[in-house]
Amino acid sequence: MIKKISFTVALGLASLGALSGQKLLCQEDGNVTEGKKRSEEERATKKTNPRPGPSPGQQRQAASSKCILTGLWRNELGSKMQIQEVKGDGTFSGEYKTAVSLARRPIQPASLNGSQHFDEAGQPTFGFTVNWKSFSDSTTVFTGQCFVDENGKEILETMWLLREKAKAPNGWEATRVGTNVFSRIKGQNVDESLRGDGAR
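The sequence shown runs -21 to -1, 1 to 179 under mature numbering (1 follows the signal peptide of the UniProt record, and there is no 0).
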């Protein structure tokens, strides 16, 4: 009798365990199903609400961010230059007034002549020569590129070589090299048509 009762209790406990196990499995299946639904909802949300892109104003600015050489520029030393309208073949002229000089005579404005490369991105490379004949026997050549930064500000990053007049034995020390960054002087309203690349 005792064995029969023990067997019945054991059978009941086994059945209870099986039922509990089945319930747990059902709960796990439910969690998996719920997780799948949540993932599908998240994917649907991402499709209907994509990440915000640039605003229309930012898109217009990026599309029109072309660097134009024409205008008035100032570098970090205070030197100023004015570049006239760039012609259809890329050539241009202008005037340069340096803020620094080792010449003994007073600083005078000097003429500049150069050429730029036209590109679709609107951030061209260029080069120009400054003849200091108004107060010095030196000549300087600049080469660089016109950039537009993320704030829409135009800058000219340049490198220059300056050659002083010297006697042949001292020629090795007559050339200097340096860099300048020019920023457009504020208050100008430069129209893009002044690029002069025939795209008007």
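Idealized CB from N, CA, C, for every residue including glycine.
Distance check for residue j and residue i, CA to CA, integer angstroms please.
i	j	result
Gly131	Val65	21 Å
residue 186	Thr158	Lying before the first or after the last residue shown, residue 186 is absent from the chain, which here runs from -21 to 179.
Cys46	Ile164	14 Å
Glu129	Leu135	15 Å
Gln102	Ser44	9 Å
Gly166	Ala145	42 Å
Met138	Asn92	16 Å
residue 187	Val109	Outside the displayed span of the chain (-21 to 179) sits residue 187, for which this structure offers no information.
Ala100	Ser117	35 Å
Ile62	Ala153	28 Å
Ser80	Gly67	34 Å
Leu56	Leu140	16 Å
Val160	Gln87	21 Å
Asn54	Trp151	28 Å
Please state whether the Cβ-Cβ distance between residue i and residue j is less than 9 Å.
i	j	result
Trp111	Ala82	yes
Val120	Phe107	yes
Phe105	Gly123	yes
Glu133	Ser162	yes
Trp125	Leu51	It is worth fixing the name first, because residue 125 is Cys in this sequence and not Trp. No, they are not a contact pair.
Contact check, residue i vs residue j under 8 Å by CB: the rounded distance?
i	j	result
Gly114	Arg155	The question names Gly, but residue 114 in the sequence shown is Phe. Phe114 to Arg155, Cβ: 17 Å. No contact.
Gly69	Ser94	5 Å
Lys76	Ser58	7 Å
Sort out for me which residues DSSP pairs residue i with in a bridge.
i	result
Glu74	Gln61 and Ser90
Val156	Leu140
Trp52	Met60 and Arg163
Subject >> Start-end ranges of the beta strand (DSSP E) lying completely within the region 86 to 144, minimum 3 residues >> reply: 89 to 95, 104 to 110, 118 to 127 and 133 to 142
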